[in-house]
Amino acid sequence: MTNGKSFLSRQDLLALAVLAALLFIVLPVSVDIFRLNLVGKYLTYAFVAIGLVLCWGMGGILSLGQGVFFGLGGYCMAMFLKLEASTPEATKIQSTPGIPDFMDWNQLTELPWFWEPFKSFGFTLAAILILPAIFAFIVGAAMFKRRVGGVYFAIITQAIAAILTILIIGQQGYTGGVNGITDLRTLMGWDIRTDSAKYVLYFLNGGLLMAVLVLCLFVLKSKLGRLLVALRDKEDRVRFSGYDVANFKIFVFCFAAVLSAIGGAMFTLQVGFMSPSFVGIVPSIEMVIYCAVGGRLSIFGAVYGTLLVNWAKTTFSETFPELWLFGLGALFIAVVLVFPNGLAGVYRAQVAPRVKKWLHTRKSGPDAPVQDPQAAE
Amino acid sequence: MFADYTWSELGSIFAMQGFAGLILFSVFVLMALGLAIIFGQMGVINMAHGEFMILGAYVTYLCSHIVENYVPSLFGVYFFGAMILAFFASAALGALVEWALIRHLYKRPLDTLLATWGLSLMLQQAYRSIFGAREVGVTLPDWLLGSVALTDTIEVPINGLFVMALTLVIAVAVYFLMFRSRMGMQTRAVVQNRVMAGAVGINTERVDRKTFALGCGIAGIAGSAFTMIGSTGPTAGQLYIVDTFLIVVFGGAASLLGTIASSFAISQAQSTMEFFLSGSMAKVLTLLTVVGILMLRPEGLFSLKIRR
Chain A
1 MTNGKSFLSR
11 QDLLALAVLA
21 ALLFIVLPVS
31 VDIFRLNLVG
41 KYLTYAFVAI
51 GLVLCWGMGG
61 ILSLGQGVFF
71 GLGGYCMAMF
81 LKLEASTPEA
91 TKIQSTPGIP
101 DFMDWNQLTE
111 LPWFWEPFKS
121 FGFTLAAILI
131 LPAIFAFIVG
141 AAMFKRRVGG
151 VYFAIITQAI
161 AAILTILIIG
171 QQGYTGGVNG
181 ITDLRTLMGW
191 DIRTDSAKYV
201 LYFLNGGLLM
211 AVLVLCLFVL
221 KSKLGRLLVA
231 LRDKEDRVRF
241 SGYDVANFKI
251 FVFCFAAVLS
261 AIGGAMFTLQ
271 VGFMSPSFVG
281 IVPSIEMVIY
291 CAVGGRLSIF
301 GAVYGTLLVN
311 WAKTTFSETF
321 PELWLFGLGA
331 LFIAVVLVFP
341 NGLAGVYRAQ
351 VAPRVKKWLH
361 TRKSGPDAPV
371 QDPQAAE
Chain B
1 MFADYTWSEL
11 GSIFAMQGFA
21 GLILFSVFVL
31 MALGLAIIFG
41 QMGVINMAHG
51 EFMILGAYVT
61 YLCSHIVENY
71 VPSLFGVYFF
81 GAMILAFFAS
91 AALGALVEWA
101 LIRHLYKRPL
111 DTLLATWGLS
121 LMLQQAYRSI
131 FGAREVGVTL
141 PDWLLGSVAL
151 TDTIEVPING
161 LFVMALTLVI
171 AVAVYFLMFR
181 SRMGMQTRAV
191 VQNRVMAGAV
201 GINTERVDRK
211 TFALGCGIAG
221 IAGSAFTMIG
231 STGPTAGQLY
241 IVDTFLIVVF
251 GGAASLLGTI
261 ASSFAISQAQ
271 STMEFFLSGS
281 MAKVLTLLTV
291 VGILMLRPEG
301 LFSLKIRR
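Chains A and B, in that order, are what the protein sequence lines are.
Note that full-length UniProt numbering gives residue 239 to position 239 of the first sequence, counting from 1, and the numbers run on in steps of one.
Note that full-length UniProt numbering gives residue 14 to position 14 of the second sequence, counting from 1, and the numbers run on in steps of one.
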């Protein structure tokens, strides 16, 4: 690594540029704000899918509990927004003004202690990043230090997702129950329900996604990324080479958790509510399929896979609700049996050689500048 | 939380909740036995296990309908026939799934998880299209209704007793099948050393298919028994799949005895706590305890000591 940019190859730059063009130019120009907001919602799942590429595709750790971290991030943000929306003036018809409406409905008379710190925006932002990391660290350390992995890890993370959902639904007075935290209005006095705010949030979300992609490319190209792949393929050999395998696994699991939490927080901001239906077993495993359809080895594939599956879900469940579950089920089976590397696998086999050839012919000109692919857009 | 009750009341509460726990235990054992055979012995994660169970439940429902409307004279005993049919229906579907899907994925256990999840979604939608989204119940014959009063404060329902007896019979049958029959011997041989088993002339592919079908068939019986104590909907299977997996892992994946012990522990803990706490908190506490113990002791309660 000689300079700061060398971890991005020409292909990576091209991929980033194509995605940026799609997200920031093509989509905002071609669809209305309602659809764009929907795309923004899908892109928040892409954070989870990217985390799963690192964790599952590269590290070989299948977590079926990513919804837990998505939910943690989302709930942290929702708690802050809800507190801001429940000012004493806005809630003066309640028997206890100044607390969120669902608490009042559940006969709570004061704010629970763990809600208190979420009055501060700084704390909320920190909690979105740190809470999932701590939680993932505890789970990861307990499992990986004892060399539990693979199937057992998947089942236990799934159980955790189930537990958290039951807990959120059961503790209605503290969490809003099955409806979740709804009716969120402003962020630091800025109304997030207007169209202009939706545009801003969409671009913020897209920008964060790009930053996360670059960060992931950096991680993958570093020694850490190589070690992840190595321990996926021959864990014992990495261990015998003197590396502490567990620490790498814990790191990547925490990293994926934080990414999911960022996605969750952006989800709350763009959609305007958070509910347990994004935490449980079913959404968690659906997030795995986004990643699998895009290609479990490609972070860009994960983004496209997420967009594609969600687009299909919205289209088909609107027009043929009966067929959608059949389609989703068939997608799971097809991705496993026929396309284990997803869209990215097809791209790598069919399209990538041509792109490479094209880049190569351009490079053969005298000292082609590195930024060229971007200009070629 | 105990202060409001007298000792004799507490005794009755524990006895009644203990019995409710025993019924839950029976259903858990029936579900988990099938899963323990498939997951513990073959290493395949069958997320569609709950749907195989629901298939058994729907077969029982169909039988009850047909018998009630066309041959009412047999209504008292239709349940036994329905159970056998449920077994064969689920086993046949299991064999088909093994042939079409699972056998390509034995080397990739995490991928079987995704594929069988897809299968479970498709089956759910199929049930919804065929039987409707509403939950259906089975009409029980008269002799299964009512309850037996043991003392003034303790009553046990008859259908619960029947389910428990059924579980006992199935558990004993599975024991004999796995540890005292040729088929069980072959299955265990394939599990312990596939190559060697093949070398001594066991058709390992056929053993796989039979084992998978057997596990699914037992799930079918579980579904059939399940109709006696609750109603059946297209997504009922999904509610139980996580509990069942936890039971199998908690018991020690390769040990059938461990499966039974952990079903007992989990069901008793859950139903006893349910009386004092809300149902959801009882479940949260039980599952949290199980996950906590699994983090400290990942191999589960009963682990086989074998060299690898």
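Glycine included, C-beta positions come from ideal geometry on N, C-alpha and C.
Residues within the segment 141-156 of chain A neighbouring chain B, beta-carbon criterion of under 7 Å: A142, M143, R146, V148, G150, V151, Y152, A154, I155 and I156
Determine the DSSP secondary structure at T91(A), reduced to helix, strand or coil. coil
Proximal residues of chain A, C-beta to C-beta of K283(B) below 7 Å: Chain order gives the chain A residues near K283(B) as I166, where near means a beta carbon separation below 7 Å.
Going by beta carbon distance, what residues of the same chain come within less than 7 Å of C216(B), once the five residues before and after it are set aside? G34, F52, S90, A91, L93 and G94
Cα-Cα separation between F320(A) and G329(A), rounded to whole angstroms: 15 Å
Where the alpha helix (DSSP H) through A161(A) begins and ends: G150 to G170
Which class does E116(A) belong to by DSSP, given the choice of helix, strand or coil? helix
Straight-line gap, A15(A) to F300(A) (C-alpha atoms, nearest Å): 7 Å
When L220(A), V279(A) and K313(A) are compared against G65(A), the one with the closest alpha-carbon: Looking at the Cα atoms, V279(A) is the closest of the given residues.
What residues from chain A crowd round S129(B), counting only those whose CB sits closer than 7 Å? E322
Would Q124(B) be called buried (16 or more neighbouring beta carbons within 10 Å of its own) or exposed? buried
Here's a check: name, in chain order, each residue in its chain whose Cβ is nearer than 7 Å to the Cβ of M16(B), leaving out the five neighbours to either side. Its chain contains I154 as the residues whose beta carbon lies nearer than 7 Å to that of M16(B), once the 5 sequence neighbours on both sides are disregarded; these appear in chain order.
Is L184(A) closer than 8 Å to L43(A) when the C-beta atoms are compared? Remark: C-beta atoms of L43(A) and L184(A) do not approach each other more closely than 8 Å.
Since P157(B) is in the beta strand (DSSP E), which residue starts that stretch and which ends it? Under the DSSP assignment, P157(B) falls in the beta strand (DSSP E) whose first and last residues are E155 to P157.
If we cut at 8 Å on Cβ distances, does V279(A) have a partner in chain B? no
Beta-carbon neighbours of S255(B), restricted to chain A and to distances below 8 Å: Think of a sphere of 8 Å around the beta carbon of S255(B): no beta carbon from chain A falls inside it, the nearest being about 15 Å out.
Ignore the nearest five residues each way along the sequence and tell me which others in V219(A)'s own chain have a CB closer than 8 Å to its CB. L54, G225 and F255, listed in sequence order.
Give a yes or no on whether the minimum CB-CB distance between V288(A) and chain B is below 8 Å. yes
Can you pull the chain A neighbours of V242(B), defined as C-beta to C-beta under 7 Å? Q158, A159, A162 and I281
Spatial distance of P325(A) from A312(A) (CA atoms): Going by the sequence as given, residue 325(A) is Leu instead of Pro. Each residue's alpha carbon lies about 11 Å from the other.
Would you please state the rounded distance, in angstroms, between the beta carbons of T272(B) and G50(B)? I believe it to be under 8 Å. Rounded, the Cβ-Cβ distance is 25 Å, inconsistent with contact.
Which of the residues in the segment 180-211 of chain B, read from start to end, lie with their CB under 7 Å from any CB of chain A? Per Cβ criterion, the list is empty.
Within the same chain, show all residues whose beta-carbon is closer than 7 Å to that of G365(A), passing over the 5 residues directly before and after it, in chain order. Residue placement at G365(A) is poorly supported in this model, since its pLDDT is 48, which falls under 50; the coordinates are not used for a value here.
Per DSSP, what kind of secondary structure is S147(B) in: helix, strand or coil? strand
Counting only beta-carbon atoms, is G51(A) nearer than 8 Å to chain B? no
Is it buried or exposed, residue 313(B), if we count other Cβ atoms within 10 angstroms and call 16 or more buried? Outside the displayed range of chain B (1 to 308) lies residue 313(B), so it cannot be described from this structure.
Beta-carbon gap between F275(B) and I13(B) smaller than 8 Å: Contact flag set, yes.
Taking the CB atoms as reference points, tell me whether A219(B) and I202(B) lie closer together than 8 Å. no
Indicate whether at least one CB of chain A lies closer than 8 Å to the CB of S278(B). yes
Contact list for M295(B) against chain A, beta-carbon separation under 7 Å: A142 and M143
Reduced DSSP secondary structure (H/G/I, E/B, other) of I181(A): strand
8 Å is my cut-off, CB to CB: does V31(A) come that close to chain B? At a cut-off of 8 Å between beta-carbon atoms, V31(A) makes no contact with chain B.
Taking 8 Å as the CB-CB limit, is D111(B) close to chain A? So, interface residue.
Name, please, each residue of chain A whose Cβ falls closer than 7 Å to the Cβ of V249(B). Y152 and I155
Closer than 9 Å, Cβ to any Cβ of chain A: which residues of the segment 43-56 of chain B, in chain order? G43, I45 and M47
What's the call for T109(A), buried or exposed, on a 16-neighbour Cβ count within 10 Å? Exposed, by the Cβ-count rule.
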